[in-house]
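Peer 1:
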Amino acid sequence: MAGALHSSRFLALLLLVVLLLAVPGNAFYLPGSYMHTYSEGEDIWAKVNSLTSIETEMPFSYYSLPYCRPPGGIKKSAENLGELLMGDQIDNSPYRFSVNVNESLFLCTTKGLNENDAKLLKQRARDLYQVNMMLDNLPVMRFAEQNGITVQWTGFPVGYTPAGSADDYIINHLKFKVLVHEYEGTNVEIIGTGEEGSAVISETDKKGMSGYQIVGFEVVPCSVKRDAEAFSKLNMHDKIEPVSCPVELRKSQAIRQQERITFTYDVEFVKSDIRWPSRWDAYLKMEAGANVHWFSIMNSLMVILFLAGIVFIIFLRTVRRDLTTYEELDKEAQAQMNEELSGWKLVVGDVFREPSCPKLLCIMIGDGVQILGMAIVTIVFSTLGFMSPASRGMLLTGMIILYLFLGIAAGYVSVRLWRTIKGTSEGWRSLSWLTACFFPGIMFTVLTVLNFVLWGSKSTGALPISLFFTLLALWFCISVPLTLVGGFLGTRAEQIEFPVRTNQIPREIPARKYPSWLLVLGAGTLPFGTLFIELFFILSSIWLGRFYYVFGFLLIVLLMLVVVCAEVSVVLTYMNLCVEDWRWWWKAFFASGSVALYVFLYSINYLVFDLRSLSGPVSAMLYIGYSFLMAFAIMLATGTIGFLTSISFVHYLFASVKID
C-alpha cells in the first residue's frame, strides 16, 4: 500500500504523474519494443494473430479458415504466459512487404469450397470476426465511417453481409498502406560508459543505422471477384495489375459452395514525419479525450472531501471531545460516569470479541492484501511505461508473477491477524495453506469450467493442458511456499494486544428499526462512484478489443478509491458502535467490499446495453464468469482496505480511554 512508501517520495511520484498527464506530449519511449531499421527493398513478413469477435468473445486460429498458407509452412511464434492466457496464437503469414516498393501481388487461389468451409466462412463473417495482422509488431489499422464519424479499428473483417442481401461476401483483396520514417542514424558511437565515457563520430555507424522504420500500418479491405482459372496459373507473389475496391455486389466475391477464391493484395509505402517512439500514439489515442477522465477524478475528489468532513467531525468534535471530558474528571467522577456511559463507550467489553468465522476473515484479508499489492505495483509500473502494448501479454504476465511472490505478504497478514484474534499461533500452518488456496482455488474452478466450454468450441482461447500444469506448478512451487514463509514470519512478529479486556458474557445488541446490513450494502455506492467511469474504459478495452493505456488516470483513481474505502469503513464502523453494535468486524470488511456487488451489476448492465452484439449462451457464460472473477477480486482488495483501516481506528479509539 501507499503507506509502505516514504511520504515525500509518494508525493513526488504523484506530482510527476499529474504533470505528465497535464502537459501534452506526443512521444516517449515504450520499454519492451525495440527499434528496427530496414534497408531499401528488404523483405518483411507480416504475422497473423487469432481471429476475434466482439459478438462471441471466442478467438479462433487464423488458419482455421481456408486462407493462403505461407510457402515454408505455418510456424508459431514464441508466446509468453500472458499471451497464452489471452488466447493469442501468433503465426507467420504469406504476406510479404518489400521496403519502399509499391506493388500489387497475387497470393493464391483456393480449391472449390466444400460444404464445411463455406458454412464456416459464412458463420465467421456473420459473427463479425476480425483478422488481426501485424507488421514489425504494429497491428494493422483500418478506418470506417459510422454515422458521419470516422472510427478507428484494429484488424479487418473476415467478410460481410450487405443489408438486403442473402449472400455473404469474403474479404479477399487488401490494400495496405505502410508508413515509413527515413532514419539517418545517430552518427555517434559510444566507446565508453560512466562518468568518463567518451563518444566519437562514426561514419560506419551512420551507414549501418540508416534506413527506414515502420511507423504505421493501415489497410482498406475489399471483396473482389477474380477469374479463378486465369489466376490459378500464377505463382505466389507474382505481380498483378492493381484494382480498385468494387462498389457493385456483382463484382464482389460471394461465399458459395464449390466457389474458388483468389487472394491478392496491394502495398503502398508512404514516407511519414512520425518518429519511431511515437508510432503507437495512433493506437493509444483516447476516443473520449482526457476530459472524461478528469471529470471522473473531480467527481471522486468531491466524494473524498465529503467523507473526510464526516471523519473530521467524528474524530475532532465527537471522539476527542468525549475523551477530553473524561480525562479531566477525577477518579470518583469517572466511576460515576462509567455507570452513565452511552454510545460506543458501552461496548468496551465486547468490541474486541472474536467475530464469527474468524479463520475465513483472516484468509480473505490475507488474499486481499496479495491482490491489492499486485494491483498497485502493476499500475505504478504501467504508469511509468514498463508494460507497453508493444509487449503483448506483458501486463498479464507481470500481474501473475507479482501475485505469486506477494504470497509472502498474504501469509504474514493472515497469520498475524489470526494471532491477534485468538491470542495464539496454533493452527497457523493450516491457515497459511487455506490462504494460499482460497482465491486461486476459486479462480481455477471457474476457469476450468469456462475452459471446457472453450474446448468444446475449439477456440484458441482454451488453455492447453500443458499450460494448466504450468500454472499449477507455479502456484504450488512459488505461491504456496512463500505463503507458508509469510505465515511463519507472522508467528514471529510482535503480537498486537487489545487495549481493553473482553467480557465473558456478550452484551445484548439493541433492536434496530432497519437491518444493519442494508447500510453496509448502501455504503458500497460511494467507492463505486469513484471508479465507474474508469471501469467503462477498462471493460471496453477487455471486450471491444480497444487499447487501454491511460494508467496515469487509473493510478489516481486507485489512490482515491483506497481513501474512499478507508473513510466509508471508518464512518460505518463508528455508526455501528454508537448504536451499541459490537459486531463490526465483517461489517467493516463489507462496507467497502460491497463495491464489488455494484461492479458486477454494472458489468451486467454493460453486457445488456453496450455489448448488445454479444450473442449465444456460451458467450454470455464466458462474460459472466470473467466478470464474477473480477468482482470477487475487487471485493477482497477493497474489503481489506476497509477492514485494516477500521481495526486501526477501533484500536486507537479504545486505547485512548481507560474504562474498567
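Under mature numbering (1 follows the signal peptide of the UniProt record, and there is no 0), residues -27 to -1, 1 to 633 are what the sequence shown spells out, in order. Even glycine gets a Cβ: it sits at the ideal position worked out from N, Cα and C.
(1) For Gln62, does the count of other Cβ atoms within 10 angstroms reach 16, so buried, or fall short, so exposed?
(2) Starting from Tyr465, trace the alpha helix (DSSP H) both ways and give me its first and last residue.
(3) Give the straight-line distance between the Cα atoms of Thr83 and His210, rounded to the nearest whole angstrom.
(4) Helix or strand or just coil, what does DSSP make of Ser513?
(5) Can you find a heavy atom of the ligand GTP that lies under 7 Å from the Cβ of Ser183?
(6) By the DSSP assignment, the alpha helix (DSSP H) with Pro413 in it spans what residues?
(7) Would you check if the distance between the CB atom of Ile469 and the CB atom of Thr393 is smaller than 8 Å?
(8) By Cβ distance, which residues of its chain are closer than 7 Å to Pro(-4), with the 5 residues on each side in sequence left out?
(9) Does DSSP put Met114 in a helix, a strand or coil?
(10) Just to confirm, are Ala409 and Val453 a CB contact at a threshold of 8 Å?
(11) From this set, Trp428, Gln119, Pro437 and Pro250, which residue's C-alpha is nearest Gly358's C-alpha?
(12) Might you give, ordered along the chain, the residues of its own chain that have their beta carbon closer than 6 Å to the beta carbon of Ser71, omitting 5 neighbours on each side?
(13) Can you grab the Cα-Cα spacing for the pair Ser398 / Ser387, in whole Å?
(14) According to DSSP, is Lys179 helix, strand or coil?
(15) Under 8 Å by Cβ, that's how I've got Pro39 and Leu101 pegged, so tell me the actual separation to the nearest angstrom.
(16) Taking DSSP as the reference, what is the three-state secondary structure of Gly525?
(17) May I have a chain-ordered list of the alpha helix (DSSP H) segments no shorter than 4 residues that lie completely inside the segment 342 to 396?
(18) Considering just the uninterrupted stretch of the beta strand (DSSP E) at Phe70, what are its terminal residues?
(19) How about the segment 191 to 207 and the segment 218 to 236: do they share at least three Cβ pairs that are nearer than 8 Å?
(20) What does the alpha-carbon distance come out to for the pair Ile529 and Gln125?
(21) Run the CB neighbour count on Ala261, radius 10 Å, all protein chains shown included, and call it buried at 16 or more, exposed below.
(22) Leaving out five residues on either side along the sequence, give the residues of the same chain with a beta carbon under 7 Å from the beta carbon of residue 667.
(23) Can you list, in chain order, the residues of its chain whose CB lies under 7 Å from that of Ala117, leaving out five sequence neighbours each side?
(24) With DSSP collapsed to three states, give me the class of Gly230.
(25) For Val243, does the count of other Cβ atoms within 10 angstroms reach 16, so buried, or fall short, so exposed?
(26) In the DSSP assignment, what residue or residues form a beta bridge with Leu222?
(27) Is it right to say Cys41 is buried, meaning 16 or more other beta carbons lie within 10 angstroms of its own, or is it exposed?
(28) Would you identify the three-state DSSP class for His624, choosing helix, strand or coil?
(29) Which residue wins for smallest C-alpha separation from Lys332, given the options Leu278, Ser403, Gly322 and Phe279?
(30) I need the DSSP call for Tyr19, collapsed to helix, strand or coil.
(31) Do Val21 and Asp64 have their C-beta atoms within less than 8 Å of each other?
(32) Rounded to the nearest angstrom, how far is the Cβ of Ser80 from that of Phe236, given a contact under 8 Å?
(33) Which of the three DSSP states is assigned to Trp558 in this structure?
(34) Tell me whether Leu617 sits in a helix, a strand or coil according to DSSP, three-state version.
(35) Just to confirm the assignment, what range does the alpha helix (DSSP H) spanning Ser50 have?
(36) Could you check if His(-22) is buried or exposed, using at least 16 other CB atoms within 10 Å of its CB as the buried criterion?
Peer 2: According to the structure data:
(1) buried
(2) The question names Tyr, but residue 465 in the sequence shown is Arg. Per DSSP, Arg465 belongs to the alpha helix (DSSP H) from Val453 to Arg465.
(3) 15 Å
(4) helix
(5) Ligands in the displayed structure: none, and consequently the ligand GTP is not present.
(6) Trp401 to Gly429
(7) yes
(8) Bear in mind that a pLDDT of 37 at Pro(-4), under 50, signals an unreliable position, so the number given afterwards is only what the model happens to contain. The answer is none, since no qualifying residue turns up.
(9) strand
(10) yes
(11) Pro250
(12) Gly14 and Asp16
(13) 11 Å
(14) Here the model assigns Lys179 a pLDDT of 44, short of 50, so the residue's position is not dependable, and the following value carries that caveat. Three-state result, Lys179: helix.
(15) The pair is not a contact, with the Cβ atoms about 19 Å apart (cut-off 8 Å).
(16) helix
(17) 367 to 378 and 380 to 395
(18) Asp64 to Ser71
(19) yes
(20) 28 Å
(21) Model confidence at Ala261 stands at a pLDDT of 49, short of 50, so the residue's coordinates are unreliable; what they give is reported in the following sentence. Ala261 should be labelled exposed.
(22) Past the boundaries of the shown model lies residue 667; the chain is included only from -27 to 633, so the question cannot be answered.
(23) Val124 and Trp126
(24) One point to set straight first is that residue 230 is Gln, not Gly, in the sequence displayed. Coil at Gln230, not helix or strand.
(25) exposed
(26) Beta-bridge pairing links Leu222 to no other residue.
(27) buried
(28) helix
(29) Ser403
(30) Residue 19 is actually Ala in this sequence, not Tyr. Strand, per DSSP.
(31) yes
(32) According to the sequence shown, residue 80 is Leu rather than Ser. Contact holds; Cβ gap of about 4 Å.
(33) helix
(34) helix
(35) Where Ser50 is concerned, there is no enclosing alpha helix (DSSP H), given that its DSSP letter is neither H nor E.
(36) At His(-22) the pLDDT is 39, less than 50, meaning the model places this residue with poor confidence; the figure from the coordinates comes in the next sentence. With fewer than 16 Cβ atoms within 10 Å of its Cβ, His(-22) is classed as exposed.
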